[in-house]
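A.B. asks: This note's numbering puts the first residue of the sequence shown at 3, with every later residue one more than the last.
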Amino acid sequence: MRQDQEDPYQRRSAQVYAAADRASSGSVASPRPVLYDAVLLDRDGTLIEDVPYNGDPEKVRPLPGARAALDRLRAAGLRLAVVTNQSGLARGYFSAAQMRAVHARVEELLGRFDAWLVCPHDDVDGCDCRKPAPGLVYAAARELGTTPSRCVLVGDIGRDVAAAMAAGAAGVLVPTPVTRPEEVAAAGWVATDLPAAVAEILRRQQAVQPSTPPTGPVRTALVVRSDSAGDVLVTGPAIRAVAAGAERVVLLCGPRGRAAANLLPGVDEIIEHPLPWIDHTPGPVDPEAMRSLTARLGVVGADQAVVFTSFHQSALPLALLLRMAGIDRIAAISDDYPGSLLDVRHRVPVGVPEPERALSLAAAAGHRLPDGDEPVLRLRRDAVPPRPADLGEPGYVVLHPGSAASSRACPPEVATRIVGALTDAGHRVLVTGGPDERAVTARVASAGGTDLGGRTDLAGLAAIVADASAVVVGNTGPAHLAAAAGVPVVSLFAPTVPFGQWGPYRVPTVRLGDAAAPCRDTRAASCPVPGHPCLSGVEPDDVVDALRTLAVSGGGGR
Ligand SMILES: [Zn+2]
């Protein structure tokens, strides 16, 4: 996250009940955990039974398994904070003293928390701390000495998850009977209850940590990520982890991922070659091309290969070629029985964010990100050109309506209305798109934006995105460019693939669109439902509101 975005909520008035006498109990020499420092917990319906506007300590009832789950987090060295909306204070239903008595009772039953963050306001107060606003998450991270992206928030309603996402934290929904179905559909990470959420948090934290050191030094590692730019970008953290443990890294990518591969830190050499079986409309397998690829891979002389794939792809055909190229240590994720094709067969449950899924494979192969390298997407600075001077000052909003897969593109008429609404709200809007999207970007920009259709390659687009105050985009490459630049995203996310796996990673995000639309989980490249309902219902005013939630104001400021 960029410095100037670190904390737009410093001046806000969330009430912080810090625990001065519980400051850190001395540092230990163990390496910093890769993913999380802290777990933030909603109070009512998550830790304790929801008793509306409760000011009575006698009515505090912990939810089943809460104490044991919290103690597991404490034992793992994670710091804990409660983040809770208590509009009963604003409405005068209970006093601050009563609330403190309730909280004392909660700690009696559930153990101590490192901080309590309370929003005392009501919806009508328009504060920046009442969830789904992200103020409490920023405040909690600050209290705990970390950043939102190193926090995971557990809560029982959509407001909790939305607040986490808007701050760039992870959010886990633990639904109760009052949780609305659309909130469950929209959440990227759902667990049955708090103990299950805690088990998965600890599992993910552990999974990116090698359990055994690499077997001997790795001189040359071959890493593989085929298909498109977005796929390559989300594999970046894992490739950096491999690079930290190898003297030289060679990346095999496909033609559609080449431009993204050029942007990745840690890569010493790139081999571009299509793997026809990866593609949605697969071309034929040409034996001669496969023979020449195998020969080329043999020349690399890799002593280890790590094959990264999407959850619906098989690594095994390539693993066979790698064996034929003489590589004798191969790691990949495979649910299919790999026999002697893999030395490290890794398995990952569904729903894990792609960058973490890849990091867990790197860990299984013996690699971890070094301390100080956060598990965020990053680009090579020297690979991103200067931004064109004629675009004016930074602080514009980028709207990228298109996508290589039309099922994930924003309908042009919706995008056009969004440009109009953003312009009316005082935002400067740049409309971006590839050379084949010029007709669409021209139409969309005609509502008041600047048309940059066809003007940039991926690296040039990265430069433009990096100086934006926010990017409005579907589930496509530029969303990951924004994440890499720490630029907030309004995600117009078609639910054809899981949001939890493909949503913008570790960057402030607001998700819009119908998460329960019939295209959900179809992986369709073109929308299978007439009218593209998952995104055609996005209201332009929702985008304006989303920017406000992300603290992006019209007029270029943030
Ligand atoms: Zn508030």
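Note that beta-carbon positions come from the ideal geometry of N, C-alpha and C, so glycine has one too.
#1: How do the region 490-497 and the region 509-517 stand: do at least 3 beta-carbon pairs fall below 8 Å, yes or no?
#2: With H, G and I counted as helix, E and B as strand and the rest as coil, what does DSSP make of V509?
#3: Cβ-heavy atom distance between C121 and ligand 1 below 7 Å?
#4: One question on the structure: do R69 and L42 come within less than 8 Å of each other, judged by their Cβ atoms?
#5: Just the Cα atoms here: how many angstroms apart are S29 and G147?
#6: What does the Cβ neighbour count give for L314, buried or exposed, with the cut at 16 atoms within 10 Å?
#7: For E8, I'd like the list of residues in its chain whose CB is within less than 6 Å of its CB, leaving aside the five on either flank, ordered along the chain.
#8: Please confirm whether any heavy atom of ligand 1 lies closer than 7 Å to the CB of D132.
#9: For the region 463-475 and the region 392-399, state whether three or more C-beta atom pairs, one from each stretch, are separated by less than 8 Å.
#10: Give the single residue among R410, L320, V421 whose Cα lies nearest to the Cα of R227.
#11: Could you please give me the residues that DSSP links to C255 through a beta bridge?
#12: Under 8 Å, with one C-beta from each stretch per pair, do the region 163-173 and the region 58-72 reach the 3-pair mark?
#13: Comparing alpha-carbon positions, which option in V269, T237, V251, P278 lies nearest P257?
#14: Assign A553 to buried or exposed, taking buried as 16 or more other Cβ atoms, counted over all protein chains shown, within 10 Å of its Cβ.
#15: What is the DSSP secondary structure of L343, reduced to helix, strand or coil?
#16: If you draw a straight line from the alpha carbon of G232 to that of V108, how long is it in whole angstroms?
#17: Taking only runs that begin and end inside the region 85-153, name each unbroken alpha helix (DSSP H) of 4 or more residues, in chain order.
#18: Would you please state the rounded distance, in angstroms, between the beta carbons of V2 and P388? I believe it to be under 8 Å.
#19: Which stretch, first to last residue, makes up the alpha helix (DSSP H) that contains V210?
#20: According to DSSP, T452 sits in a beta bridge with which residue or residues?
#21: Between which residues of its own chain and A71 is the CB-CB distance below 6 Å, once the five residues before and five after are set aside?
#22: Quick check on H282: buried or exposed, where buried means 16 or more other Cβ atoms within 10 Å of its Cβ?
#23: Is any heavy atom of ligand 1 found at a distance shorter than 7 Å from the C-beta of C536?
#24: What is the DSSP secondary structure of A25, reduced to helix, strand or coil?
#25: Roughly how many whole angstroms lie between the Cα atoms of P532 and A519?
#26: Quick check on the burial criterion: 16 or more other C-beta atoms within 10 angstroms. Buried or exposed for R182?
#27: Quick one: using the 10 Å Cβ neighbour count with 16 as the cut-off for buried, is P569 buried or exposed?
#28: Rounded to a whole number of angstroms, what is the C-alpha to C-alpha distance between V180 and D124?
#29: For G90, collect the residues of the same chain with a Cβ closer than 6 Å to its Cβ; drop the 5 residues on either side in sequence, then sort them by chain order.
#30: For ligand 1, I want to know if C129 counts as a neighbour, meaning its beta carbon is within less than 7 Å of at least one of the ligand's heavy atoms.
#31: When the Cα atoms are used, what is the spatial distance from C536 to A411?
#32: Measure the C-alpha to C-alpha separation of G422 and P497 and round it to an integer number of angstroms.
#33: Decide if A472 is buried, meaning its Cβ has at least 16 other Cβ atoms within 10 Å, or exposed.
#34: Rank Y38, D39, V53 by C-alpha distance to the C-alpha of R45 and give the top, closest one.
#35: Name the DSSP beta bridge partners of L361, please?
C.D. replies: According to the structure shown:
#1: yes
#2: Counting from 1 along the sequence shown, the entry for residue 509 is found at position 507. Of the three classes helix, strand and coil, the one that applies to V509 here is coil, per DSSP.
#3: By 1-based counting over the sequence shown, the position of residue 121 is 119. The answer is yes for C121.
#4: To locate residue 69, count along the sequence shown from 1; it is residue 67. To locate residue 42, count along the sequence shown from 1; it is residue 40. Cβ distance not < 8 Å, so R69 and L42 don't count as in contact.
#5: Position 27 of the sequence shown, counting from 1, holds the residue named residue 29. Position 145 of the sequence shown, counting from 1, holds the residue named residue 147. Legend: pLDDT at S29 = 42, less than 50; position of this residue unreliable, no value from coordinates given.
#6: Taking the sequence shown and counting its residues from 1, one reaches residue 314 at position 312. The sequence shown places His at residue 314, rather than the Leu named in the question. Its Cβ having fewer than 16 others within 10 Å, H314 is exposed.
#7: Residue mapping note: residue 8 aligns to position 6 of the sequence shown, counting from 1. Its pLDDT being 37, under 50, E8 is placed unreliably by the model, and the measurement read from it follows with that caveat. Once the five neighbours on either side are set aside, E8 has no close Cβ partner at all.
#8: The sequence position of residue 132 within the sequence shown is 130, counting from 1. Just to set this straight, residue 132 is Arg in the shown sequence, not Asp. Yes.
#9: yes
#10: Residue numbering aside, residue 227 sits at position 225 when the sequence shown is read from its first letter. Taking only the C-alpha atoms, the option nearest R227 is L320.
#11: For this step, residue 255 is matched to residue 253 along the sequence shown. R227, E274, per the DSSP bridge assignment.
#12: no
#13: Here the question's residue 257 lines up with position 255 in the sequence shown. Selected option, being the one with the closest Cα: P278.
#14: Sequence index remark: in the sequence shown, residue 553 carries index 551 (1-based). Flag for A553 reads buried.
#15: Counting from one through the sequence shown, the residue named residue 343 turns up at place 341. Of the three classes helix, strand and coil, the one that applies to L343 here is helix, per DSSP.
#16: Residue numbering aside, residue 232 sits at position 230 when the sequence shown is read from its first letter. Residue numbering aside, residue 108 sits at position 106 when the sequence shown is read from its first letter. Taking the straight line joining both Cα atoms gives about 44 Å.
#17: 89-93, 98-112, 137-145
#18: This structure leaves residue 2 out entirely; the chain is present only between 3 and 560.
#19: Mapped onto the sequence shown, residue 210 falls at position 208. Careful: V210 lies outside any alpha helix (DSSP H) and carries neither H nor E.
#20: For the purposes of this step, residue 452 is taken as residue 450 along the sequence shown, with counting starting at 1. In DSSP, T452 forms a bridge with L432.
#21: As a first step, residue 71 must be located in the sequence shown, where it is residue number 69. Excluding sequence neighbours, A71 sits near L196, P197, V200.
#22: Counted from its first residue, the sequence shown places residue 282 at position 280. Exposed.
#23: The sequence position of residue 536 within the sequence shown is 534, counting from 1. Checking the Cβ of C536 against ligand 1 gives no.
#24: In the sequence shown, residue 25 corresponds to position 23, counting from 1. Bear in mind that the predicted position of A25 carries a pLDDT of just 39, short of 50, making it unreliable; the figure below should be weighed with that in mind. A25 falls in the coil class under three-state DSSP.
#25: For this step, residue 532 is matched to residue 530 along the sequence shown. For this step, residue 519 is matched to residue 517 along the sequence shown. Going from the Cα of P532 to the Cα of A519 covers about 11 Å.
#26: If you number the sequence shown from 1, residue 182 lands on position 180. Label assigned to R182: exposed.
#27: In the structure as shown, the chain begins at 3 and stops at 560. Residue 569 is therefore absent and cannot be evaluated.
#28: Within the sequence shown, numbered from 1, the residue matching residue 180 stands at position 178. Within the sequence shown, numbered from 1, the residue matching residue 124 stands at position 122. Roughly 20 Å separates the two Cα atoms.
#29: Here residue 90 is taken as the residue at index 88 of the sequence shown, counted from 1. For G90, where only same-chain residues beyond five positions count, the Cβ hits under 6 Å are Y55, F96.
#30: For this step, residue 129 is matched to residue 127 along the sequence shown. True, at least one ligand heavy atom lies under 7 Å from that Cβ.
#31: Here residue 536 is taken as the residue at index 534 of the sequence shown, counted from 1. Here residue 411 is taken as the residue at index 409 of the sequence shown, counted from 1. Whole-angstrom Cα-Cα distance: 10 Å.
#32: Indexing the sequence shown from 1 puts residue 422 at position 420. Indexing the sequence shown from 1 puts residue 497 at position 495. Taking the straight line from one Cα to the other gives about 25 Å.
#33: For this step, residue 472 is matched to residue 470 along the sequence shown. That one is buried.
#34: Counting from one through the sequence shown, the residue named residue 45 turns up at place 43. The residue with the shortest Cα to Cα distance from R45 is V53.
#35: In the sequence shown, counting from the first residue as 1, residue 361 sits at position 359. None, per the DSSP bridge assignment.
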